[in-house]
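Trainee: Can you keep this structure in mind? I'll have questions shortly.
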Amino acid sequence: MALNWFKKNKPEDRDRLPKDTTEIEEPPEETAMQTEDEAIEAAQSSKAEEPESSAPEKAGEPPATDEAEPEKLAGKPGDKKGFFRRLKTGLSKTRQILTTDIDELFAGKSKLDDDLLEELEELLITSDIGVSTAMDLIETISKKSSTIQDAAQLKDFLKKEILKTMDKVPSPTKALTDKPHVVMVVGVNGVGKTTTIGKLAARQVSEGKKVLIAAADTFRAAAVEQLSIWADRAGADIVKHTDNADPAAVAYDSLEAAQARDVDIVYIDTAGRLHTKVNLMEEIKKIKRTVAKKIPGAPHEIILVLDATTGQNALSQAHLFNKALDITGLALTKLDGTAKGGIVVGICSTLNIPLKYIGVGESIDDLQEFDAGAFVNALF
Ligand SMILES: Nc1nc2c(ncn2[C@@H]2O[C@H](COP(=O)(O)OP(=O)(O)OP(=O)(O)O)[C@@H](O)[C@H]2O)c(=O)[nH]1
Ligand SMILES: [Mg+2]
33 MALNWFKKNK PEDRDRLPKD TTEIEEPPEE TAMQTEDEAI EAAQSSKAEE PESSAPEKAG
93 EPPATDEAEP EKLAGKPGDK KGFFRRLKTG LSKTRQILTT DIDELFAGKS KLDDDLLEEL
153 EELLITSDIG VSTAMDLIET ISKKSSTIQD AAQLKDFLKK EILKTMDKVP SPTKALTDKP
213 HVVMVVGVNG VGKTTTIGKL AARQVSEGKK VLIAAADTFR AAAVEQLSIW ADRAGADIVK
273 HTDNADPAAV AYDSLEAAQA RDVDIVYIDT AGRLHTKVNL MEEIKKIKRT VAKKIPGAPH
333 EIILVLDATT GQNALSQAHL FNKALDITGL ALTKLDGTAK GGIVVGICST LNIPLKYIGV
393 GESIDDLQEF DAGAFVNALF
């Protein structure tokens, strides 16, 4: 397959989305892609590697990827109190912009004037709330300017308005009525897809669910190793093929295994791809079609993972992935340590896709369901 480009580039090279997409080397044009029927045939004939249950790593064989250091995996999924604390710490840079800087803006003033509003707009844009959302907020605030006399009142008002903007998004609840419930996880390179699957799988297993993970990122061996380590840690099964297999065939096989083993939830890990690369987007559409051929109605969810540190670029990723796949929910990772936490507000106010999960670190308990109220409280 012409996507050898991915294999030639070390995983660490692929770990980050270039701020400017022109920085990334063009993968060579792909040779003719198999159709989904050919992928299904490949899945049925190859059975290259029997789907296996998760077994502990063999002693003396340290994990090959740095993502899998044991201390990063420590913790217990679902610890909400600890998570709020980590969310607050993680958002400290964004909070500084929105709170300390607002205090400074108001110093020596007793009312909101145009200068102050202009500076406030700049602060909001710096935090990556997005230009149009910032402008809308400023317009609402300027209408109320006579009632706002100090920084505390301004922050209070801003907090309420931000919450209102975020509440427009439909509620993400989706009951797990189908068995297996199939979740595809997609996104650009290095945003945290594999890590997010590990965290989600661990949560579901801790709630008594039987989970299977499909290693449909077949571009590099390290991706499968990294996923196997997460599967072990989470207590989930994994289905993997040999290196370079057709990802659609892996997805197909994993569903077959899931049906045979009475699995509750299947997570399909996919290779990172730039939203602007037509051939790679076609490939992921094929995975979706193959899944639907095996289980009508599946995939029941398609989660797009976005990296908060990419700021506004996350919005264009969301638009293009949504156009190709009809995304059902978003997971926003790496909110820890970024000054661009305002992107959450931008995502909720401009995209019509529910933000389901947020990630604030690399360990297993660093993912929670998104709660707009808790988020705004952590922000102010
Ligand atoms: N700080 C922080 N790091 C994270 C978070 N989520 C993932 N990471 C780290 O981001 C890096 C990339 O994560 P992966 O899960 O490998 O990303 P991926 O999208 O699967 O990457 P590709 O498969 O190469 O496209 C790893 O070092 C993760 O530990 C998070 O919420 N916070
Ligand atoms: Mg991955």
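Residues in the sequence shown are numbered from 33 upward in steps of one, following the working numbering.
In this text, a Cβ means the ideal position worked out from N, Cα and C, and glycines have one as well.
Less than 9 Å between the beta carbons of I379 and L352, yes or no?
Mentor: Not closer than 9 Å, so no.
Trainee: Using only the alpha-carbon positions, how far apart do I327 and A234 sit?
Mentor: Cα to Cα, the separation comes out at about 24 Å.
Trainee: Would you call S159 buried or exposed, if buried means 16 or more other Cβ atoms sit within 10 Å of its Cβ?
Mentor: Classification of S159: buried, given that the 10 Å Cβ count is 16 or more.
Trainee: Could you check which residue in T322, K318 and K309 has the C-alpha nearest to that of Q349?
Mentor: Per the Cα distances, K309.
Trainee: Considering only heavy atoms of ligand 2, does any lie closer than 8 Å to the CB of T226?
Mentor: Indeed, a heavy atom of ligand 2 lies less than 8 Å from the Cβ.
Trainee: What three-state label does DSSP hand T302 in the structure shown?
Mentor: Reduced to three states, the DSSP call for T302 is strand.
Trainee: Alpha carbon to alpha carbon, how far is G224 from L338? Give it in angstroms, no decimals.
Mentor: Between L338 and G224, the C-alpha separation is close to 8 Å.
Trainee: Do D182 and S26 count as a contact pair if the criterion is CB distance below 9 Å?
Mentor: Lying outside 33 to 412, the shown extent of the chain, residue 26 is not represented and no answer is given.
Trainee: Buried or exposed, going by whether 16 or more other CB atoms sit within 10 Å of the CB of T370?
Mentor: T370 is buried by the Cβ-count criterion.
Trainee: For D216, list the residues DSSP reports as bridge partners.
Mentor: Here the sequence assigns Met to residue 216, which means Asp is not the residue at that position. Answer by DSSP bridge pairing, in chain order: I300 and I334.
Trainee: Tell me whether R118 is buried or exposed, calling it buried when 16 or more other Cβ atoms sit within 10 Å of its Cβ.
Mentor: Buried, by the Cβ-count rule.
Trainee: Give me the DSSP bridge partner(s) of G361.
Mentor: Per DSSP, I335.
Trainee: According to the neighbour-count rule (16 or more other Cβ atoms, all chains shown, within 10 Å of its Cβ), is K196 buried or exposed?
Mentor: Looking at its Cβ environment, which holds fewer than 16 other Cβ atoms inside 10 Å, K196 is exposed.
Trainee: Does DSSP put V271 in a helix, in a strand, or in coil?
Mentor: In this structure, V271 counts as strand in the three-state DSSP scheme.
Trainee: Looking only at DSSP bridge pairs, what is Y284 linked to?
Mentor: Partner(s): none; Y284 has no beta bridge.
Trainee: CB-CB under 6 Å to L399, same chain, minus the five flanking residues each way: which ones, in chain order?
Mentor: K231, Y389 and G391, listed in sequence order.
Trainee: Distance check for T121 and I334, CA to CA, integer angstroms please.
Mentor: I334 and T121: Cα-Cα distance of roughly 29 Å.
Trainee: Would N345 be called buried (16 or more neighbouring beta carbons within 10 Å of its own) or exposed?
Mentor: The residue in question, N345, is buried, as its Cβ has 16 or more Cβ neighbours within 10 Å.
Trainee: May I ask which residues mark the beginning and end of the alpha helix (DSSP H) holding I319?
Mentor: I319 -> alpha helix (DSSP H) spans V310 to K326.
Trainee: Runs of 4 residues minimum, wholly inside the segment 235-272: which ones carry the alpha helix (DSSP H) assignment?
Mentor: Runs found: 253-266.
Trainee: Find out if the Cβ-Cβ distance for the pair Q76, K318 is shorter than 9 Å.
Mentor: Not in contact: Q76 and K318 (Cβ atoms no closer than 9 Å).
Trainee: Just how far apart, CA to CA, sit K320 and L357?
Mentor: Looking at the two C-alpha atoms, the distance is approximately 8 Å.
Trainee: Relative to the alpha-carbon of T30, which residue among V220, E401, F412 and D146 has its alpha-carbon at the smallest distance?
Mentor: Past the boundaries of the shown model lies residue 30; the chain is included only from 33 to 412, so the question cannot be answered.
Trainee: Which of helix, strand or coil does DSSP assign to I157?
Mentor: Helix at I157.
Trainee: From the beta carbon of A371, is the nearest beta carbon of chain C less than 9 Å away?
Mentor: Included in the structure is just one protein chain, with no chain C present.
Trainee: Between the beta-carbon of V214 and the beta-carbon of I300, is there less than 9 Å?
Mentor: Taking 9 Å as the Cβ cut-off, V214 and I300 qualify as a contacting pair.
Trainee: Report the option in A324, V217, T365 and I359 whose CA atom is closest to the CA atom of A340.
Mentor: Nearest C-alpha to A340: T365.
Trainee: Closer than 8 Å to a non-hydrogen atom of ligand 2 - does that hold for the CB of A340?
Mentor: No.
Trainee: For the candidate residues A283, I129, N384 and F402, whose alpha-carbon lies nearest to that of T322?
Mentor: Among A283, I129, N384 and F402, the Cα nearest to that of T322 is on A283.
Trainee: Out of G162, I161 and I134, which has the shortest C-alpha to C-alpha gap to L149?
Mentor: Comparing Cα positions, the closest option is I134.
Trainee: Mapping DSSP to helix, strand and coil, what is F412?
Mentor: Coil.
Trainee: Which term fits E99, buried or exposed, when burial requires 16 or more other beta carbons within 10 angstroms of its beta carbon?
Mentor: At E99 the pLDDT is 40, less than 50, meaning the model places this residue with poor confidence; the figure from the coordinates comes in the next sentence. E99 should be labelled buried.
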